[in-house]
Amino acid sequence: MGQEGAEALFTGIVTDTGRFKYSNVRSQTLNAASLLLDYDIDFEKIYNALYLKDSEVLKLEGYLYLNFKTTENGVAYFYIDKKLRKQYNITIEDAASLVNCLDSIKGSLIWVLFVEQDDSTIRARIRSRYVSIDDIANNYRGGGHKQASGATLLEEKEIDLILEELDIRLKEFKEESGGLM
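If you count the sequence shown from 1, you need to add 558 to reach the numbering used here.
Below, the structure is given as C-alpha cells:
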C-alpha cells in the first residue's frame, strides 16, 4: 500500500469513528491509525479537507445553534429549506455536513437534520447515541446503520411523523435505561 491508500484508509477511520470519539473505537482502531502514520500521511491536510468550512457554512451553523428545536423527550432537529440554503448561499452537501452540530446537546440522544432537496423532497439525516434508529429510517424510504441513518421524506408533513416516532423511541429508551442523560 502506498501513501495515497494510507491516506484514504486514515480518512475512513477518522470519519467512521467521529474523530475517534464514537463507541466503535477500540485499541485495534488506534493501532491501525498509528500504523498508517508510518506511510508519511499528512493528517493535518486530511483534517483540514474534512473539517474546515467556508464562512457561509459557519454563518448557517450559527443560525442553526440559535434556532434548532427539540421534541418533548429531547430529539434535537433543524430544517434547512431551499430558501435558507439560498439565503446562506450553500450547497445541499454543505447543508448536510451540519448534521453533527446537534450531537453535543445534553439529554438529546437523537438528532436530525432535514435538508430540502432541489426536487422538493426532504432528506433526513438521523443520528443517535445508544439508540437504534435505522428501523424508523426504513419506514421513510431510507436506512443505514443503527445509529446513523437517512430517510427521504416526500412532503413536509412527514417531518412531524418521523419526529413523533423518534420521540417515542427516545422516551422508551430513557425509561428502560433509567433516565440515561
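Built from N, CA and C at the ideal position, the CB exists for glycine as well.
Computed from a predicted model, the values in this text were never measured in an experiment.
CB of lysine 640 within 7 Å of CB of glutamate 614, strictly: As a first step, residue 640 must be located in the sequence shown, where it is residue number 82. As a first step, residue 614 must be located in the sequence shown, where it is residue number 56. Against a cut-off of 7 Å, the Cβ pair of glutamate 614 and lysine 640 comes out as no contact.
Spatially closest choice to isoleucine 668 from Leu608, Glu730, Leu595, by CA coordinates: Reading the sequence shown from its first residue, position 110 is the one you call residue 668. Measuring from the Cα of isoleucine 668, the nearest candidate turns out to be Glu730.
C-beta contact flag for arginine 685 and alanine 709 at 7 Å: As a position in the sequence shown, residue 685 is number 127, starting the count at 1. As a position in the sequence shown, residue 709 is number 151, starting the count at 1. Going by C-beta atoms, arginine 685 is not nearer than 7 Å to alanine 709.
Length of the line joining the Cα atoms of leucine 721 and tyrosine 621: Position 163 of the sequence shown, counted from the first residue, corresponds to residue 721. Position 63 of the sequence shown, counted from the first residue, corresponds to residue 621. Approximately 21 Å, taken between the alpha carbons.
The alpha helix (DSSP H) enclosing arginine 643, as first and last residue numbers: Numbered from 1 along the sequence shown, position 85 holds the residue referred to as residue 643. Counting along the chain, the alpha helix (DSSP H) containing arginine 643 begins and ends at 640-646.
Threonine 628 to glutamate 716 span [Cα, whole Å]: In the sequence shown, the residue the question calls residue 628 occupies position 70. In the sequence shown, the residue the question calls residue 716 occupies position 158. The straight-line gap from Cα to Cα measures roughly 16 Å.
Between the CA atoms of alanine 607 and tyrosine 698 - distance to the nearest angstrom: For the purposes of this step, residue 698 is taken as residue 140 along the sequence shown, with counting starting at 1. For the purposes of this step, residue 607 is taken as residue 49 along the sequence shown, with counting starting at 1. Each residue's alpha carbon lies about 32 Å from the other.
Same chain only: Cβ atoms within 7 Å of glycine 594, ignoring 5 sequence neighbours per side: Translated into the one-based positions of the sequence shown, residue 594 becomes position 36. The sequence shown places leucine at residue 594, rather than the glycine named in the question. Once the five neighbours on either side are set aside, the close Cβ partners of leucine 594 are Ala564, Leu567, Phe568.
In chain order, each alpha helix (DSSP H) run of at least 4 residues that lies wholly inside the region 588-618: Listed in chain order, they are 601-609.
Alpha-carbon to alpha-carbon, glutamate 723 and threonine 573: As a position in the sequence shown, residue 573 is number 15, starting the count at 1. As a position in the sequence shown, residue 723 is number 165, starting the count at 1. Each residue's Cα considered, the two are about 28 Å apart.
Cβ shell of valine 657 (< 7 Å), same chain only, five flanking positions each side left out: Here residue 657 refers to the residue found at position 99 when the sequence shown is read from its first residue. Excluding sequence neighbours, valine 657 sits near Leu671, Arg683, Arg685.
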